[in-house]
Amino acid sequence: MTKYIVKRLLLMIPTLLGVAVLIFFLMRVVPGDIVELRFSGESAYASKENLDKERARLGLDKPVWQQFVGWMGGLVRLDFGTSMWTGAPITEEIRLRFALSLQLAIMATIVAIILAIPLGVIAALRQDTWIDYAVRVISIAGLAMPSFWLGIVFILGLLIIFKWLPPMVYTPFWTDPVQNLAQLIWPALAVGYRYSAVATRMTRSAMLEVLREDYIRTARAKGVWEKLILSRHALKNAMLPVLTVIALEFAFLIGGLVVTEQVFNLNGLGMLFVEAVGHRDYTLTQALVMLVAFVFIFVNFLVDLAYAWIDPRIRFR
Amino acid sequence: MNPARSHSTMIRGLVAGIAGVMLILLAGRGADAQERPRYGGELVYVVPTEPASYDGHREGTFALIHPLAPVYSTLLRFDPTDRTGTKVVGDLAESWTIAKDGRTYTFKLRRGVKFHDGTDLTSKDVKASYDKIVNPPADVVSFRKGQYTAIEAIEAPDPTTVIFRLKWPAASLITALASPFNWIYKADILAKDMHWYETHVMGSGAFIFVEHVKGAYWAGKKNPNYWDKGKPYLDSYRALVVKDPNAQVAAVRAERAHAQFRGFTPAERDSIVQALGPKITVQESPWDCVLLVGMNHEKKPWDDKRARKALTLALDRYQGSQALSKIAVVKSVGGVQVPGTPFATPPAELEKLAGYSHDIAKSRAEARRLLKEAGIPDGFSFGLKNRNVPMPYAPVAIWLVDQWRQLGLQARHEFIESTKWEADLREGNYEVAVDTQCSYAVDPDLDLYKFQSMGISGNNYGRYVDKTLDDLYQKQSRSLDAEERKKWVRDFERRLLDEEAHYFYTLQWHRIIPHSAKMHGWTVTPSHFVNNQLDGVWLSE
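Sequence lines, in order, name chains A and B. Residues in the first sequence are numbered from 25 upward in steps of one, following the numbering used here. Residues in the second sequence are numbered from 83 upward in steps of one, following the numbering used here.
Encoded structure:
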């Protein structure tokens, strides 16, 4: 097991390295650069002198290979440098937004689990009854409705019916839990519902498959209590694909909620990502891509480890 | 007449008279109470974007001005009550004199002005700040350096006197010194680190900077030692960063914010007014921003002025104004200056310019003749490069395409990402493009600079060289007599928009500010960069 963990951790390095190379060169291929954007501001004169000064300050006047070596050198030392747009350390830019994004991802995941697992199990147990059809309608509706659209519906509903809007500034949970939840519960519900739709369908189909397995039939033949069969034998085994879906969705939520963050005015990583790309802020975009890539790889690694705990038949080599 | 009745009538009359007088007095008192500024409260407003740094001297965006102008002072400022946004008054300067030859400006500073760290603000600080703007060190970027080329030297002979000596007379110097970006920094700090203000805030304005949480909000609190005793009225302000336009509208609609000072669209205004009714006050003004049509003079047939002129002649601006003003932030038909401001084109003269006649049939007939003369066939197709910002770029471009189609021209609308659009325009990678121009104040020098020859102007994307136009720019810029200057501005305008048709204007933007009726002491101007110091703003509840 230890050997497997070390091997998987070491394998992360070439993957992250590949991502680093890819994102560095992709950013340089995209037309336009940060200096032109800075100087296209309203009320400004874009003199060549100013453009050159700024390029030199940001190191963009150096050959691309030198910029690449500098970036890779920083990565090795875990030094992501400073944002080309704001000049602030990248770790500070990310730290400011990470707490919100992480909390929202956790809350949405909780919403999704609370909805998806009971609904998926009930639908499987009552296959082809009105309950199953109702669950399928609910889950298909969740897939069909983008979470940002649902978010807009929530906001308009709150605004028109209750003349109330969620707080517009993030307050950490430990500072004021009520204010914090008043802001984040709505996007968590909007995102969690869509997220639950995927997980519900996965839970239902996995449960249906497991319920037809020989060992379930054997357990029933032996007269094991039905609830025990479901919880210990069926659900636990059906959880493997569901866990994968939930984990991948969770990783996506860390940096992928761009429009939902915009709709709810959330200062999260998704908005930062879009702004960084829009500004052609090479250093910040590269750092964010690395962060998201790391989250994906690490979450996958954790899921693989969890497989062994859920299904003792799985052994690592 | 019955004496008793007469007596009773007299008493009734007296009572009515007293009641009337009392009512008038009370009404007067009521009105007075309503107009008398009230102290206290926090003004909350929305800022749609964020600046890259905190240094006004190196930034060009309102996103810096709106949250930080309340913290700083400038030498001069635009009168906060002037709707044209062109009248200059003193901020730190108590008074000033201009030498007869127009080459020496002497400013007397107010005494007792203090920075927020408690130190005195003197002429040394004004000089250091302007030295940074006018003659920045090699590693320092000054955005508006080009506007101060006339300045030869800045002197501070005593703590309350600043002298600007010029190489030549500059008609716009006073306006340029009122730039809302030219914040006065502390000389001692600049002497130690010219880049300090890029990441720190310390001014002498009506409010003291409290904090900026990136992506979330800016906060400031009342400066009890502000030089203008009795001001500011507010205890504090908070500028919320809200990037999504729908969320901005929702913030005002839900009364979470009193205003957004850049501007809303007509539909957004209507939705807020419909929801809040009398709780909302709407102020509107022509906006000192405009969408232009640039034609690449290095690409055929746009090297031929007949082809360029035909494009502007095709536009029915008056009909366009009526239709577009209902759905987009454009409205007035104007020349090179915002209508209603001192150098604006009088309607009779505007009518004479190509594309401004009310007789659209005649204009289009002339356009067809010019196209034929230039050898441009019916159905000629060309690309119209546009920025993928919906408001007002998309509706204006659609209108343009339709207007040109009526001449038999086929414009292919290329709606591309802002950065690529900017790069394509700069590199001349386009045929015809929607271009833009915004200034921090309505002033011929600021508004016309762009149109000088390539090489002089960094953002002349038409890629032409026109020495006559450059000469006219210089003449208007150095003319201290307002009437004479107007004449040069008109000559410049005629050459730019009509004779050579290098560039042309579509419609003036229209600034719409629906704000809480509780907010008072703020006046809309054509520029969204000025009038953001908030020292005169107060809340009635």
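Beta carbons: idealized from backbone N, C-alpha and C, even for Gly. Source: prediction; values computed, not measured.
From residue i to residue j, what does the alpha carbon distance come to, in whole angstroms?
i: residue 273 of chain B; j: residue 211 of chain B; result: 10 angstroms
i: residue 76 of chain A; j: residue 539 of chain B; result: 16 angstroms
i: residue 312 of chain B; j: residue 530 of chain B; result: 40 angstroms
i: residue 287 of chain A; j: residue 596 of chain B; result: 21 angstroms
i: residue 300 of chain B; j: residue 288 of chain B; result: 15 angstroms
i: residue 127 of chain B; j: residue 330 of chain B; result: 9 angstroms
i: residue 67 of chain A; j: residue 142 of chain B; result: With a pLDDT of 49 at residue 67 of chain A, under the threshold of 50, the modelled position of that residue is not reliable, and no figure is offered here.
i: residue 362 of chain B; j: residue 191 of chain A; result: 21 angstroms
i: residue 282 of chain A; j: residue 298 of chain A; result: 7 angstroms
i: residue 314 of chain A; j: residue 304 of chain B; result: 43 angstroms
i: residue 515 of chain B; j: residue 500 of chain B; result: 12 angstroms
i: residue 320 of chain A; j: residue 502 of chain B; result: 31 angstroms
i: residue 255 of chain A; j: residue 89 of chain A; result: 57 angstroms
i: residue 236 of chain A; j: residue 148 of chain A; result: 11 angstroms
i: residue 554 of chain B; j: residue 300 of chain A; result: 42 angstroms
i: residue 154 of chain B; j: residue 542 of chain B; result: 33 angstroms
i: residue 277 of chain A; j: residue 175 of chain A; result: 15 angstroms
i: residue 112 of chain B; j: residue 613 of chain B; result: Unreliable placement is indicated for residue 112 of chain B, whose pLDDT of 40 sits below 50; the coordinate value is still reported in the next sentence. In a straight line, the C-alpha of residue 112 of chain B is about 28 angstroms away from that of residue 613 of chain B.
i: residue 100 of chain A; j: residue 119 of chain A; result: 20 angstroms
i: residue 171 of chain B; j: residue 359 of chain B; result: 35 angstroms
Assign residue i to buried or exposed, taking buried as 16 or more other Cβ atoms, counted over all protein chains shown, within 10 Å of its Cβ.
i: residue 60 of chain A; result: buried
i: residue 459 of chain B; result: exposed
i: residue 463 of chain B; result: exposed
i: residue 31 of chain A; result: exposed
i: residue 132 of chain B; result: buried
i: residue 341 of chain B; result: buried
i: residue 470 of chain B; result: exposed
i: residue 198 of chain A; result: exposed
i: residue 368 of chain B; result: buried
i: residue 93 of chain A; result: exposed
i: residue 523 of chain B; result: buried
i: residue 401 of chain B; result: exposed
i: residue 293 of chain B; result: exposed
i: residue 618 of chain B; result: buried
i: residue 298 of chain B; result: buried
i: residue 142 of chain A; result: exposed
Whose C-beta lies closer than 7 angstroms to the C-beta of residue i among residues of the same chain, with five residues either side of it excluded?
i: residue 305 of chain A; result: 58, 107, 108, 109
i: residue 74 of chain A; result: 63
i: residue 79 of chain B; result: Here chain B comprises residues numbered 83 to 623, so residue 79 of chain B is not present and cannot be evaluated.
i: residue 307 of chain B; result: 196
i: residue 445 of chain B; result: 395, 437, 439
i: residue 193 of chain B; result: 242
i: residue 122 of chain A; result: 293
i: residue 339 of chain B; result: 126, 127, 128, 322, 333
i: residue 570 of chain B; result: 554, 557, 558, 561
So, at 6 angstroms on beta carbons, what are the nonlocal neighbours of residue i in its own chain, with the 5 sequence-adjacent residues on each side left out?
i: residue 435 of chain B; result: 579, 580
i: residue 399 of chain B; result: 415
Considering only C-alpha positions, which residue in the set the options is nearest to residue i?
i: residue 269 of chain A; options: A/114, A/290, A/150, A/218; result: A/218
i: residue 354 of chain B; options: B/339, B/364, B/335; result: B/335
i: residue 234 of chain B; options: B/123, B/187, B/558; result: B/187
i: residue 162 of chain B; options: B/620, B/615, B/621, B/623; result: B/615
i: residue 309 of chain A; options: A/40, A/28, A/51, A/33; result: A/51
i: residue 118 of chain B; options: B/600, B/609, B/611; result: B/600
i: residue 189 of chain A; options: A/181, A/101, A/41; result: A/181
i: residue 144 of chain B; options: B/308, B/411, B/321, B/248; result: B/321
i: residue 44 of chain A; options: A/224, A/223, A/307, A/226; result: A/307
i: residue 284 of chain A; options: A/173, A/165, A/135; result: A/173
i: residue 140 of chain A; options: A/326, A/213, A/335; result: A/213
What does a CB cutoff of less than 8 angstroms around residue i pick up in its chain, not counting 5 residues either side in sequence?
i: residue 98 of chain A; result: 104, 105
i: residue 209 of chain B; result: 236, 237, 238, 244, 269
i: residue 164 of chain B; result: 605, 607
i: residue 456 of chain B; result: 383, 386, 388, 389, 392
i: residue 108 of chain B; result: Annotation note: pLDDT 40 at residue 108 of chain B (below 50); position unreliable, no value reported.
i: residue 114 of chain A; result: 104, 105, 106, 107, 307, 308, 311
> If you measure beta-carbon to beta-carbon, which residues of the segment 323-335 of chain B are closer than 8 angstroms to chain E?
Replying inline: Looking at the structure shown, chain E is missing, and the protein chains on hand are A and B.
>> Across the segment 392-407 of chain B and the segment 495-511 of chain B, are there enough close Cβ pairs to call them in contact, namely three or more that are closer than 8 angstroms?
In response: Touching, no.
>> Measuring CB atoms only, is the segment 581-593 of chain B touching the segment 560-568 of chain B, in the sense that at least three cross pairs come out at less than 8 angstroms?
In response: At 8 angstroms Cβ cutoff, the stretches do not touch.
> Do three or more CB pairs link the segment 155-169 of chain A to the segment 249-258 of chain A at distances below 8 angstroms?
Replying inline: No, they do not touch.
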